[in-house]
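First residue of the sequence shown: 147, per our numbering; consecutive thereafter.
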Amino acid sequence: MPSSAYETVTETSETAKKVVKRTAAVYNRNGNKTISTYSSLTRGSVKYYKISKTTNKYV
């Protein structure tokens, strides 16, 4: 993803958290756009979807 598509908001020695500035797609290992969701989370009026069974990754 080009740097113009996100903004770094927090950085530690191991992790850089980024905020997406525009709509972003999720791709599988073959490069195809795809998304599977496993649950959802609402914070205020914004709804996020979990995209990993084993880790807490939301979009």
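Built from N, CA and C at the ideal position, the CB exists for glycine as well.
(request) For V205, I'd like the list of residues in its chain whose CB is within less than 7 angstroms of its CB, leaving aside the five on either flank, ordered along the chain. (result) V172, Y194, Y195, I197
(request) Look up V172 in the DSSP assignment and say whether it is helix, strand or coil. (result) coil
(request) Determine the extent of the beta strand (DSSP E) in which S186 is found, giving its start and end residues. (result) 185-189
(message) Excluding the 5 residues flanking K203 on each side, which residues of the same chain have their C-beta closer than 6 angstroms to its C-beta?
(response) I197
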